[in-house]
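Colleague: Here the sequence shown is numbered in numbering that gives the first Met the number 0, starting from 0 and rising by one per residue.
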Amino acid sequence: MFEGIGKYKGKPIQLHIDENVKPVAQRHRMIPFHLSDKVEKELIKLQEQDIIEKVEGTPTPWMWAIRNPPKKNPEEIRLSSEIFQEVICNVVSGIPGVKNISDDIIIYGKSQAEHDNALDATFKRLLENGLTLNLEKCEFNKDQVVFFGVTFSKEGISPNPKKKYATLCEPLRRLTRQDTNWNWCSEQETAFEKLKYELSSDTVMTYFNSKHDIDILVDASPDKTIQKTIEFVRTGQWFKIKNITDLEIDIKELQALRSISGELVTYGDTILLRDNRIVLPSELRVRAVNIAHEGHQGITKTKAFLRSKIWFPGHNYRVDNAIKECSACQAVTHTKRIKPLRMSESTENRVLILWSFT
Ligand SMILES: [Zn+2]
Numbered sequence: 000m001f002e003g004i005g006k007y008k009g010k011p012i013q014l015h016i017d018e019n020v021k022p023v024a025q026r027h028r029m030i031p032f033h034l035s036d037k038v039e040k041e042l043i044k045l046q047e048q049d050i051i052e053k054v055e056g057t058p059t060p061w062m063w064a065i066r067n068p069p070k071k072n073p074e075e076i077r078l079s080s081e082i083f084q085e086v087i088c089n090v091v092s093g094i095p096g097v098k099n100i101s102d103d104i105i106i107y108g109k110s111q112a113e114h115d116n117a118l119d120a121t122f123k124r125l126l127e128n129g130l131t132l133n134l135e136k137c138e139f140n141k142d143q144v145v146f147f148g149v150t151f152s153k154e155g156i157s158p159n160p161k162k163k164y165a166t167l168c169e170p171l172r173r174l175t176r177q178d179t180n181w182n183w184c185s186e187q188e189t190a191f192e193k194l195k196y197e198l199s200s201d202t203v204m205t206y207f208n209s210k211h212d213i214d215i216l217v218d219a220s221p222d223k224t225i226q227k228t229i230e231f232v233r234t235g236q237w238f239k240i241k242n243i244t245d246l247e248i249d250i251k252e253l254q255a256l257r258s259i260s261g262e263l264v265t266y267g268d269t270i271l272l273r274d275n276r277i278v279l280p281s282e283l284r285v286r287a288v289n290i291a292h293e294g295h296q297g298i299t300k301t302k303a304f305l306r307s308k309i310w311f312p313g314h315n316y317r318v319d320n321a322i323k324e325c326s327a328c329q330a331v332t333h334t335k336r337i338k339p340l341r342m343s344e345s346t347e348n349r350v351l352i353l354w355s356f357t
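Next up, the structure:
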């Protein structure tokens with residue numbers, strides 16, 4: 000089961016297609032002459048490996064020209080993570096001690112026997128379903144594992160220290176270099192405070208235990224602006240914006256949503272989507288930005304991470320604001336290092352600080 004490319008034998012995967020969308024049939028595109036041989040070979044190989052099938056007779060209404068001749072291994076052509084999530088979840092469902100995120104599977108147990116049973120059962124299910132594993136990516140019999148940036152061990156859950164603390168400590172570590180003068184400024188102070196916070200927040204994370212009292216905090220108040228938008232998406236009567244008198248509805252935001260109304264879809268009575276991302280209610284936005292910022296990956300990556308999951312008007316601005324003074328994020332962004340230029344005190348006795356990009 001550690002060899003070759005698996006072929007899922009379970010029930011066929013259904014791709015839900017919006018019937019209202021006109022199929023796109025791209026014209027045949029010429030492949031650069033020097034590559035046409037390679038492409039042909041790759042297609043034959045994929046066909047032999049049972050990854051693609053030749054379409055006989057009339058072409059399907061959907062056709063996509065090969066834009067970039069395959070550079071990657073066919074193994075790297077992957078299904079979307081949502082499909083993986085569902086397929087793997089179904090394959091391992093009901094086995095105690097097994098969880099998956101997308102195609103990553105974690106197997107655990109309180110004792111060696113529990114762990115071994117879970118592992119056996121998982122192998123059996125994968126075999127039955129025709130799925131294979133990449134042995135190089137497997138780790139067996141560990142007393143701690145890093146799974147999606149979080150370390151799991153018998154002590155509990157902690158953020159993957161390798162990933163996070165290195166960046167956080169950078170301003171402090173810089174001071175210890177031989178050719179550097181000891182200079183504790185605001186950057187070091189911020190890093191120190193952050194580190195303190197991160198270290199103490201780790202200790203409050205623990206495994207879920209159904210025997211403990213659990214509080215669940217749910218924000219159930221409806222977002223009136225989103226509610227109104229859902230109504231307009233359904234009725235198409237956006238012109239009614241001008242009649243709105245409810246002060247709890249953010250007219251500016253409504254207008255921003257109107258400008259992208261063609262991309263908005265409703266799901267049930269309460270969920271608004273832009274493409275496949277949830278338009279987040281305003282109460283949750285600060286929290287979402289904070290979660291996206293947690294890994295301190297810098298402005299660009301934080302924005303990209305946020306955008307991959309959710310959307311709301313002005314989210315770029317929110318991220319900019321949340322991160323612009325974070326020294327941990329600036330330490331990972333090498334292109335724009337910010338140096339403060341101190342100006343003389345103004346008449347009102349305030350210090351003016353300008354920022355210059357070098
Ligand atoms: Zn940061």
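Idealized CB from N, CA, C, for every residue including glycine.
1. Just to confirm, does residue 327 get its C-beta within under 7 Å of one of the non-hydrogen atoms of ligand 1?
2. Identify every run of the alpha helix (DSSP H) within the stretch 244-271, keeping only runs that are complete inside it and at least 4 residues long; order them along the chain.
3. Check for me: the alpha helix (DSSP H) holding residue 289 runs from which residue to which?
4. Helix or strand or just coil, what does DSSP make of residue 77?
5. Going by the beta-carbon positions, is the gap between residue 240 and residue 226 smaller than 8 Å?
6. Do you know offhand how far residue 105's Cα is from residue 310's?
7. Spatial neighbours of residue 129 within its chain, please: CB distance less than 7 Å, with the 5 preceding and 5 following residues excluded, ordered by chain position.
8. In chain order, what residues of the same chain have a beta carbon less than 8 Å from the beta carbon of residue 263, not counting five sequence neighbours either side?
9. What's the gap between the Cα of residue 302 and the Cα of residue 326?
10. Indicate, with yes or no, if ligand 1 has a heavy atom lying under 7 Å from the CB of residue 211.
11. Based on the DSSP output, what are the partners of residue 273 in its beta bridges?
12. Heavy atom of ligand 1 less than 7 Å from the Cβ of residue 322, yes or no?
13. In angstroms with no decimal places, state the Cα-to-Cα distance between residue 275 and residue 221.
14. In whole angstroms, give me the CA-to-CA distance for residue 13 and residue 88.
Modeller: For this structure:
1. Taking the first residue of the sequence shown as 1, we reach residue 327 at position 328. Result yes, Cβ under 7 Å from ligand 1.
2. Secondary structure remark: continuous alpha helix (DSSP H) runs of at least 4 residues inside the stretch 244-271, in chain order: 250-257.
3. Translated into the one-based positions of the sequence shown, residue 289 becomes position 290. Residue 289 -> alpha helix (DSSP H) spans 284-292.
4. Position 78 of the sequence shown, counted from the start, is the residue given in the question as residue 77. Note that residue 77 scores 44 on pLDDT, short of 50, meaning its location in the model is unreliable; the coordinates nonetheless yield the value given after this. Looking at residue 77 - three-state DSSP - the assignment turns out to be coil, as it is neither helix nor strand.
5. Here residue 240 refers to the residue found at position 241 of the sequence shown. Here residue 226 refers to the residue found at position 227 of the sequence shown. In this structure, residue 226 does not lie closer than 8 Å to residue 240 by Cβ.
6. Reading the sequence shown from its first residue, position 106 is the one you call residue 105. Reading the sequence shown from its first residue, position 311 is the one you call residue 310. Approximately 30 Å, taken between the alpha carbons.
7. In the sequence shown, counting from the first residue as 1, residue 129 sits at position 130. Closer than 7 Å at Cβ, skipping near neighbours: 5, 6, 7, 8.
8. In the sequence shown, the residue the question calls residue 263 occupies position 264. Hits under 8 Å: 228, 232, 256, 271, 272, 273, 278.
9. Start at 1 with the first residue of the sequence shown, and residue 302 comes out as number 303. Start at 1 with the first residue of the sequence shown, and residue 326 comes out as number 327. Between residue 302 and residue 326, the C-alpha separation is close to 17 Å.
10. Position 212 of the sequence shown, counting from 1, holds the residue named residue 211. No, the Cβ of residue 211 stays beyond 7 Å of every heavy atom of ligand 1.
11. On the sequence shown, position 274 is the one that residue 273 refers to. Residue 273 pairs with 263, 276.
12. Taking the sequence shown and counting its residues from 1, one reaches residue 322 at position 323. True, at least one ligand heavy atom lies under 7 Å from that Cβ.
13. Taking the first residue of the sequence shown as position 1, residue 275 is located at position 276. Taking the first residue of the sequence shown as position 1, residue 221 is located at position 222. Going from the Cα of residue 275 to the Cα of residue 221 covers about 21 Å.
14. The residue labelled residue 13 in the question sits at position 14 within the sequence shown. The residue labelled residue 88 in the question sits at position 89 within the sequence shown. When rounded, the distance between both Cα atoms is 16 Å.
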